[in-house]
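In the working numbering, the protein residues as written are 12 to 235.
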């Protein structure tokens, strides 16, 4: 279990999670360069994003491409870097922005956290509406290791079974739950998607399977 956690640790530069993020970044870099070549700049809406994620990218390239990144999250926070703007908002309902208000919508491991299926549909509509191009990534339901709880086969168990397990001990990034209410909130905070669901949400995208050891680990939708 410690090995699985180390592989998933986003703060460990040698972890599987970080290495795969770097590989994914090449898809995003290509989109940014395309946009900058056409318009001389690149306005990115990052749904659920944080500045730390963008450290994976070449800062000089981002500056050369005139990148500005608007980060939308449920809670407000401050950023000192002028490349970023942090906005408090619901990624499933961003009516304050008109259609194609940005050049690129970006989302990394967020759609599985927005709630039930109607909210996932709303999230996808906003991602598709707010820019001509988008990049959306999410962990794959049928990959045997659940990334949030760092446990094999954990997400294939019933909600009740997972909640009982969380009440007994910590799993991955989830602390031991104090009661069944807290356990259920943790369990329902991550709802992984399969390929049919993901392709339904993003029907106008090119779909890429991110592989690890021959297994699809995550799903990527790119509209370029």
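Note that the Cβ used here is the ideal one computed from N, Cα and C, for glycine as well.
Between the segment 63-78 and the segment 42-54, do at least 3 Cβ pairs fall closer than 8 Å?
yes
Thinking C-alpha only, which one of 100, 217, 92 and 166 is nearest residue 73?
Sequence index remark: in the chain shown, residue 73 carries index 62 (1-based). Per the Cα distances, 92.
CB of residue 163 within 7 Å of CB of residue 156, strictly:
In the chain shown, the residue the question calls residue 163 occupies position 152. In the chain shown, the residue the question calls residue 156 occupies position 145. Contact flag set, yes.
Report the rounded CA-to-CA distance for residue 143 versus residue 42, giving the unit in angstroms.
Along the chain shown, read from residue 1 onward, the residue named residue 143 stands at position 132. Along the chain shown, read from residue 1 onward, the residue named residue 42 stands at position 31. Computed Cα separation, rounded: 11 Å.
Using DSSP with H/G/I as helix, E/B as strand and the rest coil, what is residue 134?
Counted from its first residue, the chain shown places residue 134 at position 123. Residue 134: helix per DSSP, three-state reduction.
Look up residue 280 in the DSSP assignment and say whether it is helix, strand or coil.
Given that the chain is displayed from residue 12 to residue 235, the structure contains no residue 280 and the question cannot be resolved.
Here's the rule I'm using: 16 or more other beta-carbon atoms within 10 Å means buried, otherwise exposed. How should residue 135 be labelled?
To locate residue 135, count along the chain shown from 1; it is residue 124. So residue 135 ends up on the buried side.
Thinking C-alpha only, which one of 67, 63 and 57 is nearest residue 85?
Residue 85 sits at position 74 when you count from the first residue of the chain shown. Of the candidates 67, 63 and 57, the one whose C-alpha sits nearest the C-alpha of residue 85 is 57.
Rank 111, 193 and 40 by C-alpha distance to the C-alpha of residue 66 and give the top, closest one.
To locate residue 66, count along the chain shown from 1; it is residue 55. Taking only the C-alpha atoms, the option nearest residue 66 is 40.
Using a Cβ-Cβ cut-off of 8 Å (strictly less than) and excluding sequence neighbours within five positions of residue 7, which residues of its own chain qualify?
Because the chain in this structure spans residues 12 to 235, residue 7 falls outside the shown range and cannot be described.
In this structure, does DSSP put residue 164 in helix, strand or coil?
For the purposes of this step, residue 164 is taken as residue 153 along the chain shown, with counting starting at 1. Of the three classes helix, strand and coil, the one that applies to residue 164 here is coil, per DSSP.
Residues in its own chain within less than 6 Å of residue 12 by CB, not counting five upstream and five downstream?
Along the chain shown, read from residue 1 onward, the residue named residue 12 stands at position 1. Low confidence applies here, because residue 12 scores a pLDDT of 48, under 50, leaving its location unreliable; read the following figure in that light. Here the set comprises nothing.
Taking 7 Å as the threshold (C-beta atoms), are residue 159 and residue 183 in contact?
Walking along the chain shown from the start, residue 183 turns up at place 172. Walking along the chain shown from the start, residue 159 turns up at place 148. Taking 7 Å as the Cβ cut-off, residue 183 and residue 159 qualify as a contacting pair.
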